[in-house]
Amino acid sequence: MKTINLNGATESHPDGTTVAHLVAAVTGRELLPTGQAADGGRLGVAVARNQEIVPRSQWAATAVEHQDALEIVAAVQGG
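With this note's numbering, letter number 6 in the sequence shown gets 6, and the count goes up by one each step, no holes.
Structure below.
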């Protein structure tokens, strides 16, 4: 198990968890290996791991490490 900080909360996740797994869990949407939503819709999500942006194309290949700090930010339309 890996203990991480996700959006300010301490959580435990199994070994092998990737950024893509976390994005899918946070958004409630299935992702393709490319990081795109499987339903074809837009995600409007950005991910930072240890204060560095993780490109969407790397989400599936980026494993979560013990004590990582991740922020998953969703764009919100407003006026």
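Glycine included, every Cβ here is placed at the ideal spot set by N, Cα and C.
- Buried is the label assigned to Ala20, since at least 16 other Cβ atoms lie within 10 Å of its Cβ.
- Residue nearest to Thr3 within the set Gly28, Ala75, Leu70 and Ala74 is Leu70 (criterion: CA-CA distance).
- Counting only runs of 4 or more residues that sit fully inside the region 8-68, the alpha helix (DSSP H) segments are 19-27, in chain order.
- At least 8 Å separates the beta-carbon of Val54 from that of Ala74.
- Inter-segment contact for the region 47-63 and the region 7-21 is present: three or more beta-carbon pairs are separated by less than 8 Å.
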